[in-house]
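Notes follow the structure.
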Ligand SMILES: *Cc1c(COP(=O)(O)O)cnc(C)c1O
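Residue numbers (our numbering): 340 to 764.
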């Protein structure tokens, strides 16, 4: 078994999500829509949880990857904590029934309102990213007669060797404080009345496909732990961030498995007696979701064949934004040996960037056929918009032989009625 294993498989030539034919869901819900598998979500959460067996730990799902209430509830009931990066995500976690002591608040720009809400509602810790933020948290906590537990996010200056837009651990990135200044900043934190420093936080980027950058970062954190303890700080919790990558293409070398990642964590920081937190997002949700779409037209260009889908960049922005590669498969399994030909696979939006794949080898398809984008569960639906007044793409969750719409497609009236007309019009 690999981390790539999911529950979207062909059975008798038809793509299933667990025990439900995907085409049956499409007939009920209409396309495009996101579809998630409960079994895959839980499997991935448990792989991380088991990888840290033997260490006191909490797996805090980075909910920015996919934050539907039903997904959060599924993971929270399995024991997951949540990593939130905004007041909205904090509210979502609370609404899904996650207790404050299992919610970690990350992010470089927490506002006063967000800090106050989390303090009064309950929070496991703030992962602080700057000195001004530290002072604001202290001030607000003091005014509330509280003490805020914090870690400080250090920037270890390691190259995560991932896409530049999702690398966060180099000194030129906006995240955290330079690890070289950590002693100074921890001393400042210790002197502030409203906060209690309990640990160290690090997160070096997303879609990492090798362990080495993590190992370098965690080794630096281990060293820093000893230094800070010698300075008198009670470092008892290490938040090691998220970022473990997933296999998007079957042909590429598979990224390390959670169990290997866990072993490396034990090697680098296991001896310190700290409670360990990790914040995986993509690896839990990524391969637990697909985007289902319908072919609208096949169009012969001068030198290429276009496959025009009813999904577009507003529904799945990863190809346009990160040059991401998604496997695209027909819901009806191609006959063995059928000829595949190159297609440019595009959406209907009026931008050339609305291109999902170029010269992708595909079996013969015709208008009305259904396809699925695999590995679309993370950073898919959450980044969707209503650009071109295309209704926000719905979400569906499968469990065994059941499925439920977990976010309905808005009607045009609902979209239009969100606007309000000023009195002078
Ligand atoms: C985005 C993010 C994560 C999750 O990253 P994945 O690559 O989805 O695992 C975790 N922690 C922080 C602070 C983040 O910003």
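Beta carbons are placed, not taken as given, at the ideal position from N, Cα and C, and that holds for glycine.
query: Whole-angstrom Cβ separation of residue 597 and residue 577, contact assumed at under 8 Å?
result: In fact, because the Cβ distance is near 17 Å, the residues do not count as touching under 8 Å.
- request: Find the nearest neighbour of residue 467 within the set 695, 537, 673, judged by alpha-carbon distance.
  value: 537
- request: Under 6 Å Cβ to Cβ from residue 490, same chain only, skipping five residues before and after it: list those, please.
  value: 464, 466, 538, 539, 540, 578
- request: Please list, in chain order, all residues of the same chain as residue 746 whose beta carbon is under 7 Å from its beta carbon, the five residues on each side excluded.
  value: 407, 733, 734
message: Out of 611, 618, 533, which one is the CA nearest neighbour of residue 419?
response: 618
message: Can you tell me whether residue 621 sits near ligand 1, meaning its C-beta is under 7 Å from at least one heavy atom of the ligand?
response: yes
field: Where the beta strand (DSSP E) through residue 464 begins and ends
entry: 464-467
message: Looking only at its chain, what residues have a beta carbon closer than 6 Å to the beta carbon of residue 381, apart from the 5 residues adjacent to it on each side?
response: 417
- request: Go to residue 354, then tell me how far its beta strand (DSSP E) extends in each direction, as first and last residue.
  value: 353-356
- prompt: Applying the criterion that 16 or more other CB atoms from any shown protein chain within 10 Å of the CB defines a buried residue, is residue 689 buried or exposed?
  reply: exposed
query: According to DSSP, is residue 610 helix, strand or coil?
result: helix
- request: Would you mind reading off the limits of the beta strand (DSSP E) that contains residue 490?
  value: 487-494
field: Contacting residues, own chain, Cβ-Cβ under 8 Å from residue 431 (five flanking each side not counted)
entry: 402, 406, 408, 411, 423
message: According to DSSP, simplified to helix, strand and coil, what is residue 550?
response: coil
field: Where residue 433 falls: helix, strand or coil (DSSP)
entry: helix
task: Drop a sphere of 10 angstroms on the beta-carbon of residue 494, count the other beta-carbons inside from all chains shown, and report buried for 16 or more, exposed for fewer.
output: buried
field: Buried or exposed by the 16-neighbour rule on C-beta atoms within 10 Å, applied to residue 814
entry: Limits of the chain in this structure are 340 at one end and 764 at the other, which puts residue 814 out of reach.
Three-way DSSP call (helix, strand, coil) for residue 647 in this model: strand
- prompt: Relative to ligand 1, is the shortest distance from any of its heavy atoms to the C-beta of residue 582 smaller than 7 Å?
  reply: yes
task: Decide if the segment 656-663 is in contact with the segment 713-733; the criterion is three or more beta carbon pairs, one per stretch, under 8 Å apart.
output: yes
- prompt: Helix or strand or just coil, what does DSSP make of residue 713?
  reply: coil
Endpoints, alpha helix (DSSP H) assigned at residue 660: 657-661
message: Closest to residue 602 by C-alpha separation, out of 701, 387, 730, would be which residue?
response: 387
query: Does any heavy atom of ligand 1 sit closer than 7 Å to the C-beta of residue 425?
result: no
query: If you run the structure through DSSP and keep just helix, strand and coil, what is residue 439?
result: helix
- prompt: Roughly how many angstroms lie between the CA atoms of residue 760 and residue 640, to the nearest whole one?
  reply: 43 Å
Beta-carbon separation (whole angstroms), residue 736 vs residue 400, contact threshold 8 Å: That pair is no contact at about 15 Å.
- prompt: residue 347 lies in the beta strand (DSSP E); which residues open and close that run?
  reply: 347-350
message: Going by DSSP in three states, residue 502 sits in which element: helix, strand or coil?
response: coil
Inter-residue spacing [alpha-carbon to alpha-carbon] between residue 349 and residue 363: 14 Å
- request: Output the distance between the C-alpha atoms of residue 776 and residue 556, rounded to the nearest integer angstrom.
  value: It is not possible to answer for residue 776, since the shown part of the chain is limited to 340 through 764.
message: I want to check one thing, is the minimum distance from the CB of residue 468 to the heavy atoms of ligand 1 below 7 Å?
response: no
task: Quick one: using the 10 Å Cβ neighbour count with 16 as the cut-off for buried, is residue 346 buried or exposed?
output: buried
- request: Compare the C-alpha of residue 662 against each of 693, 479, 361, 616 and name the closest.
  value: 693
- prompt: Apart from the five residues on each side of it in sequence, which residues of its chain come closer than 8 Å, Cβ to Cβ, to residue 585?
  reply: 342, 343, 546, 594, 621, 622, 625, 626, 714, 717
field: Reduced DSSP category for residue 420 - H, G, I as helix; E, B as strand; rest coil
entry: strand
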